[in-house]
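At position 48 of the sequence shown the residue is numbered 48 (my numbering), and the sequence of numbers has no breaks.
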Amino acid sequence: MPLLLAVALGVRFAGSSRPLNNVDYARVQDPAALHRWAGNRLLLLPAGFLLSGVASLQKPGISPVLFGLMLVASLCIAVWLALGAERFNSAT
Numbered sequence: 001m002p003l004l005l006a007v008a009l010g011v012r013f014a015g016s017s018r019p020l021n022n023v024d025y026a027r028v029q030d031p032a033a034l035h036r037w038a039g040n041r042l043l044l045l046p047a048g049f050l051l052s053g054v055a056s057l058q059k060p061g062i063s064p065v066l067f068g069l070m071l072v073a074s075l076c077i078a079v080w081l082a083l084g085a086e087r088f089n090s091a092t
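So, in structure tokens, the structure goes:
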């Protein structure tokens, strides 16, 4: 979880650098806004893993289910980022 938090905060506060792959920065109008938007969504991952970890400590039997849910959530957030990043592209 600390690694996910570091990555999310790194993207969130990246400014005009280029931390995201699969993004054509030549077409991005406002890279800082893109990084703030993506970083905020990436912060959902460490928060979700933290909550599922706390729940797993309370009820160890649900650990596999929560881990599976977090894997699905990770894939959904990746798709959300890939599709949502397009709105930061310029028209040309």
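By construction, the Cβ of each residue, glycine as well, lies at the ideal position given by its N, Cα and C atoms.
Just so you know, these numbers come straight off a predicted model, no measurement behind them.
To the nearest angstrom, how far is it from the Cα of residue i to the Cα of residue j?
i      : j      : result
Asn-22 : Gly-48 : 25 Å
Val-7  : Phe-13 : 10 Å
Gly-39 : Leu-9  : 6 Å
Ala-26 : Ala-85 : 13 Å
Leu-44 : Ala-82 : 15 Å
Ala-32 : Arg-18 : 10 Å
So, helix, strand or coil for residue i, using DSSP?
i      : result
Val-94 : Within the shown structure, residues of the chain are numbered from 1 to 92, placing residue 94 beyond reach of any answer.
How would you write the range of the alpha helix (DSSP H) that residue i sits in, first residue to last?
i      : result
Ala-14 : Careful: Ala-14 lies outside any alpha helix (DSSP H) and carries neither H nor E.
Leu-75 : 63-84
Could you check if residue i is buried or exposed, using at least 16 other CB atoms within 10 Å of its CB as the buried criterion?
i      : result
Val-28 : buried
Ser-90 : exposed
Leu-42 : buried
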